[in-house]
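So the structure is just underneath, and the comments pick up after that.
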Amino acid sequence: ITWQPDSNGIPYKSGPHPPAGAPLDLKFRKAFEYSDCWVQDARLVVLNARDAAARGARIMTRTRVLSAARTEDSWQVTLEAAGRTFQIHARMLVNAGGPWVDDIMGNVVRADTRERVRLVRGSHIVTRRLFNHDKCYFFQGTDGRIIFAIPYEEDFTLIGTTDKDHDDPSVPPVCTADEMHYLLDFASRYLKNPVTENDVVWTYAGVRPLHDDGATSATAATRGYVLKLDEAGGAPLLSVHGGKITTYRKLAEAALAMIAPLLGSPERGWTAGVPLPGGDLPVDGIEDLVAELLADHPFLARGWARRLARTYGTEARQMLSGVRTLDDMGQAFGESITALELDWAIANEWVMTAEDYLWRRTKLGLRIDKDGIERIEAYVMSARSGTRAGTAGTQARSAN
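When we follow my numbering, the leftmost residue of the sequence shown carries the number 69, and every step to the right adds one.
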């Protein structure tokens, strides 16, 4: 919902969703409403990797590319993983390094290019839940920028984002104190009850690798993408500059159109109608899936079933296949996290640490306490080493 002080849009007090106006300052009386989409970016990455693996790709996590050199009609690539160095050969390279695309060109591939990326940091804050409905807000600021306030993980609100140049990709991005207060002040200009630092439960930041089009400000930099193909020496190199989540499949199909002829493969786009793992359900099918999980596994509380459905989609059925009782879920770690789910994540989603699971496969790091984190870390380590030391313990409890 887009709020403007002098809008000619829908009067929210008499419109179809009057609760949406309740948290706002009384001076805001009208708004425009539109629909948009959201996604957990880290899970999107994992699901694309899983989809690729199912189609024959080899996924190597925690692997560093040390160098890549053309040798006649192929690339010799030197990799490092777990302290071991090894080499592979490839007919073609795709440099989709994101913020590191320029570094890869200069220091790994050692190729010249005129294209550059502009690194723009986007910082976010997560607060306690600020409103009791499922609508998002789109606020417009006096500086010409916009931010969003989005319901997040059931009990929180996500506010973001900023646009700040980030010069060095080797420096991990963090939400600075100035950025946090900028977002707090921005949102507070619209809300009836100001948001303060005490409301913040977590902050995070990411870096957008935008194509450098010479824009005067980070906000004005293009969100489009540029694909550059270098066919020198019979060993092609495709580099991706820019791009964003919204158009990532369009970008991929554009890349395919460029490289497929070089590989002797038919050029065809197919991703528009193909779901990622667990996504083979209607857009409005989550609640039906929740009802199905509750019927088949009555020991689940609704909140637990809904979390599994939202996280894993239809693959929640596969995860729970053969599970009849609460005891079948195995050891409990708090916040509805069980050994059965961790085993699934380790086996299917490349989970190697508690942090992987709590922050990059879920956002349960917002809820779990220190003891739970330590027990999850111990469990993941023992599972990966082939032991189950320390798995005896409290059984799963139904979570609201």
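Glycine residues also receive a C-beta, built at the ideal position from the N, C-alpha and C atoms.
From a predicted model like this one, the values you see are computed outputs, not experimental measurements.
{"Item": "Stretch-stretch touch, CB-based, cutoff 8 angstroms, three pairs: the region 222 to 240 with the region 298 to 312", "Value": "no"}
{"Item": "Which of helix, strand or coil DSSP assigns to H157", "Value": "strand"}
{"Item": "CB-CB length for K162 against A323, believed under 8 angstroms", "Value": "Sequence check: residue 162 is Val here, not Lys. V162 to A323, Cβ: 7 angstroms. Contact."}
{"Item": "Residue span of the alpha helix (DSSP H) that contains A117, given as start and end", "Value": "109 to 122"}
{"Item": "Beta-carbon proximity of T129 to W418, cut-off 8 angstroms", "Value": "yes"}
{"Item": "Beta-carbon proximity of Y205 to D93, cut-off 8 angstroms", "Value": "no"}
{"Item": "Residue range of the alpha helix (DSSP H) that includes E442", "Value": "438 to 452"}
{"Item": "Of the listed residues R138, F254, R435, nearest to E403 (C-alpha basis)", "Value": "R435"}
{"Item": "Reduced DSSP secondary structure (H/G/I, E/B, other) of I127", "Value": "coil"}
{"Item": "Assigned secondary structure, G337 (DSSP; H/G/I helix, E/B strand, else coil)", "Value": "coil"}
{"Item": "C-alpha distance - T430 paired with L361, whole-angstrom precision", "Value": "19 angstroms"}
{"Item": "Complete runs of the beta strand (DSSP E) confined to the region 327 to 415 [at least 3 residues]", "Value": "400 to 402"}
{"Item": "A323 (DSSP reduced to helix, strand or coil)", "Value": "helix"}
{"Item": "Length of the line joining the Cα atoms of T315 and G292", "Value": "9 angstroms"}
{"Item": "Expected contact under 8 angstroms - CB spacing of L251 and I215 to nearest Å", "Value": "6 angstroms"}
{"Item": "Residues bridged to D233 (per DSSP)", "Value": "V188"}
{"Item": "Beta-bridge partners of W143, as assigned by DSSP", "Value": "R138, A158"}
{"Item": "DSSP-derived helix/strand/coil call for S466", "Value": "Because the pLDDT at S466 is just 38, under 50, the model does not fix this residue reliably, and the value given afterwards should be weighed accordingly. Coil, per DSSP."}
{"Item": "Min CB distance L92 to chain D below 8 angstroms", "Value": "No chain D appears in the structure shown, which is made up of a single protein chain."}
{"Item": "Reference S285; option with closest CA among H234, S238, V242, L330", "Value": "H234"}
{"Item": "Alpha carbon of W106 to alpha carbon of G174, nearest angstrom", "Value": "34 angstroms"}
{"Item": "Identified DSSP bridge partners for S307", "Value": "N163, K296"}
{"Item": "Check whether I327 and M248 have beta carbons under 8 angstroms apart", "Value": "no"}
{"Item": "Three-state secondary structure (DSSP) of Y258", "Value": "coil"}
{"Item": "Nearest candidate by alpha-carbon position, reference L376, set A363, A273, V358", "Value": "V358"}
{"Item": "P87, DSSP secondary structure in three states", "Value": "helix"}
{"Item": "Local Cβ density within 10 Å of W338, reported as buried at 16 or more and exposed below that", "Value": "exposed"}
{"Item": "Beta-carbon proximity list for A407, same chain, < 6 angstroms, skipping 5 on both sides", "Value": "G398, Q399"}
{"Item": "Whole-angstrom C-beta distance between D364 and A179, which should lie under 8 angstroms", "Value": "The pair is not a contact, with the Cβ atoms about 54 angstroms apart (cut-off 8 angstroms)."}
{"Item": "Three-state class that DSSP yields for R178 in the structure shown", "Value": "coil"}
{"Item": "Cβ-Cβ distance between A120 and I127 below 8 angstroms", "Value": "yes"}
{"Item": "Opposing strand residues paired with P219 [DSSP bridges]", "Value": "T225"}
{"Item": "Contacting residues, own chain, Cβ-Cβ under 7 angstroms from D145 (five flanking each side not counted)", "Value": "Residue identity differs from the one stated: residue 145 is Val in this sequence, not Asp. Same-chain partners within the cutoff: V133, A136, Q155, I156, A158."}
{"Item": "M160 and P304 closer than 8 angstroms at C-beta", "Value": "yes"}
{"Item": "Straight-line gap, A369 to D396 (C-alpha atoms, nearest Å)", "Value": "15 angstroms"}
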